[in-house]
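The next block holds one structure in the form of structure tokens; read it before the comments.
Chains as they are written, first to last, in this note's numbering: chain D, 2 to 737; chain C, 58 to 106.
Below is the structure:
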């Protein structure tokens, strides 16, 4: 994907600081002296990458196994001795790849057991179909075959298809039985019924020496349906793993201070309320916590949506997701990580759940219409032929033919196949769907609400024209290089590579001091530098013998934000900006992106309220947001999207996660969802027309096994081909 | 027609052989890392890995 486009990492580019900030030792498991660690590796894409990474790791002392799974990006490392886990991660990061330790319990994206079972069932059904077809063709076209041979061929077909059907059909039988027990109907009920009836009827015909058997229809039906199921399972697994991989790069561990002041690294999941944690500069807060000691700044972008870091002081409560910036702080955990997260999700979903469960999938609606009608037709045929004077076996035969030929196949494949193809296309473009009906909901939205920080903007501030000379910028950068503060980083990226000041001291929550070219200098807030000024998105820089200068920052829009907004409008959607940031900055961003409708200083409650108001007036809202403050709105909205850098809660609450810097993903996802909806409707229209023709034929008793087999395979093929039109090849063809 | 029966049984045995081979490939983890296996062919290993 992106790794291929950029070429493999060379190790020359500076490694990301974020991946080193995590202490991997919490994720190491030990068994009889052997240490094991699972690592998520990002950026590896070819044989050279495998070789570089594995060779580098095998050189580490005590290393025994280092094997990278290129398909999943997971690496399993085993070693003995005293090598610290951090060294392992660093060895990979030094090569230029992203690396983060992951919880071994987390799903790794490799082929799963249920998926292997599906694959096996699919293979058995496929081989059986091929085998039975051999016999069937002889039976269809060999009209002059002696009765004895026909009987032998029937028995051979039974020999193949009965065990194959019972084996491969288990998936459907189990699901159908589960539904029936709860007095419900799902698509698997008519499928199971058709398969079992076809098998029973054919066995009866074989034993009594009847003319027609439907062994081929039963295995073929299963084969087609299993192809759909398998593709669906595979794609779901890949999307889940990809979304997980985005999350893995942000997994948090923490340093817990024990009773005697001993620091130990623990996983976020092991933190209990009341634990004292040491949060180093640059670390993300894993749980909701209260600051005990230390003054610093915290980056609250993901929590409140405000770009400007906030000062932290003892006694203050910070939420999970805040990033500590300048100085180490000691905090008291208030809730376990699972609850910091789960409590939020539970609260959100309570509000959002009703909305989502009230949505009925198109396929479910189709089943509700299809099943009673077809079964009524079959019953009608049965009764009608009995009245018309047919024998009981003849009437049963007609009824079963109706069930087989009306082909649950086309109906069952109509919606899922389109969704599989659409989800596959989104997957290749870096968007990962979290639920099956997400596409259907996204297709129907009328309003788009965008969050500002991290959604409309990139979330990283950049230096804007400040009046400082290039020399002053270079001097300020010498101090800024020692700090993790986002403003400092913005100065560094504007100034480029260069030296670092001497005698650097970082003053938590205020600024940095040091010697630049032998002269004392300081960079920080206005009162820290000693000038009168208000706090805002700016830093002051003062050096001995010169007047202080101010650097101003702004949160840069995503490069194509305006295009994306224009496209959304062209699609007939109303676009609104809803942000927790201050009015001035929101207005500025709204203007730059061409959005006229904006609301600033929005609290999470206000965002949720605004959504409800809109939905009450009949609008269907697509919420796009990344922060903790957006999570409630994401969960409540008709449909929701989150960028890959979003906090866990928001990712979990949203229907689709998209990666990459481009906001164009939003109109593209909507366009694909709309197309998918269109294809699904076409498929159902086709299946209906097909049934309108097939039912009379079956009712009149004209259907033979050959007609059934041809009808079934051709209708499935048409539905499949129509779904495949969505995959659309090149990216540039995507606009509709 | 007895020959035909032999042929069909023979075909079925062959098909079962193919199925058995597939089950073996599934169990022995050959689908766990298709991308990695494709890439590793290009590597010269002096050591067994």
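From the three backbone atoms N, C-alpha and C, an ideal C-beta is built for every residue, glycine too.
Check the Cβ of residue i against every Cβ in chain C and list those closer than 9 Å, keeping chain order.
| i | result |
| --- | --- |
| residue 70/D | 89, 90, 92, 93 |
| residue 117/D | 83, 84, 88 |
| residue 128/D | 72, 73, 75, 76, 79 |
| residue 157/D | 62, 65, 66, 69 |
Put residue i into one of helix, strand or coil per three-state DSSP.
| i | result |
| --- | --- |
| residue 312/D | strand |
| residue 484/D | coil |
| residue 639/D | coil |
| residue 73/D | coil |
| residue 679/D | helix |
| residue 684/D | helix |
| residue 213/D | coil |
| residue 373/D | helix |
| residue 337/D | coil |
| residue 504/D | strand |
| residue 80/C | helix |
| residue 764/D | With chain D covering only 2 through 737, there is no way to say anything about residue 764/D. |
| residue 476/D | helix |
| residue 329/D | coil |
| residue 556/D | strand |
| residue 169/D | helix |
| residue 657/D | strand |
| residue 411/D | helix |
| residue 470/D | coil |
| residue 39/D | strand |
| residue 442/D | helix |
| residue 433/D | strand |
| residue 523/D | strand |
| residue 298/D | strand |
If you draw a straight line from the alpha carbon of residue i to that of residue j, how long is it in whole angstroms?
| i | j | result |
| --- | --- | --- |
| residue 720/D | residue 495/D | 55 Å |
| residue 322/D | residue 305/D | 10 Å |
| residue 59/C | residue 118/D | 37 Å |
| residue 478/D | residue 520/D | 14 Å |
| residue 417/D | residue 712/D | 20 Å |
| residue 511/D | residue 429/D | 45 Å |
| residue 370/D | residue 443/D | 24 Å |
| residue 126/D | residue 136/D | 15 Å |
| residue 1/D | residue 85/C | Residue coverage of chain D in this structure runs from 2 to 737, which leaves residue 1/D outside it and unanswerable. |
| residue 1/D | residue 294/D | In this structure chain D extends from 2 to 737, so residue 1/D is not present and cannot be described. |
| residue 100/D | residue 41/D | 6 Å |
| residue 124/D | residue 698/D | 32 Å |
Excluding the 5 residues preceding and the 5 following residue i in the sequence, name in chain order all residues of the same chain whose CB lies nearer than 7 Å to its CB.
| i | result |
| --- | --- |
| residue 696/D | 378, 403, 407 |
| residue 427/D | 434, 670, 673 |
| residue 213/D | 206, 705, 706 |
So, under 8 Å CB-CB, residue i and residue j are touching, yes? Tell me the CB distance rounded to an integer number of Å.
| i | j | result |
| --- | --- | --- |
| residue 538/D | residue 555/D | 6 Å |
| residue 61/D | residue 92/D | 6 Å |
| residue 77/D | residue 66/D | 7 Å |
| residue 180/D | residue 189/D | 7 Å |
| residue 481/D | residue 516/D | Not quite, the Cβ-Cβ distance comes to about 14 Å (not below 8 Å), so this is no contact. |
| residue 240/D | residue 424/D | 7 Å |
| residue 267/D | residue 257/D | 5 Å |
| residue 629/D | residue 622/D | That pair is no contact at about 19 Å. |
Under 8 Å Cβ-Cβ, which residues of chain D neighbour residue i?
| i | result |
| --- | --- |
| residue 71/C | Those do not exist, as residue 71/C stays about 10 Å from chain D at its closest Cβ, beyond 8 Å. |
Listing by chain order, which chain C residues have their CB less than 7 Å from the CB of residue i?
| i | result |
| --- | --- |
| residue 125/D | 76 |
| residue 121/D | 80, 83 |
| residue 52/D | 100 |
| residue 48/D | 96, 97, 99, 100 |
| residue 112/D | 88, 89 |
| residue 153/D | 62 |
With a threshold of 6 Å on Cβ separation, who are the neighbours of residue i within its own chain once the five nearest residues in sequence on each side are excluded?
| i | result |
| --- | --- |
| residue 313/D | 292, 297, 299 |
| residue 409/D | 191, 192, 195 |
| residue 550/D | 469, 473, 542 |
| residue 731/D | Confidence is the limiting factor: at residue 731/D the pLDDT is only 47, short of 50, which leaves the residue's position unreliable, though a coordinate-based value still follows. Within the same chain, residue 731/D has no close Cβ partners at all. |
| residue 641/D | 624, 635, 655, 656 |
Would you mind telling me which residues of chain C sit closer than 8 Å to residue i, beta carbon to beta carbon, in chain order?
| i | result |
| --- | --- |
| residue 132/D | 68, 69, 72 |
| residue 161/D | 69 |
Which same chain residues, not among the five before or five after residue i, have their C-beta less than 8 Å away from its C-beta?
| i | result |
| --- | --- |
| residue 461/D | 487, 490, 491, 556, 557 |
| residue 529/D | 508, 511, 512, 523, 541 |
| residue 362/D | 416, 437, 438, 441 |
| residue 663/D | 559, 560, 561, 565 |
| residue 617/D | none |
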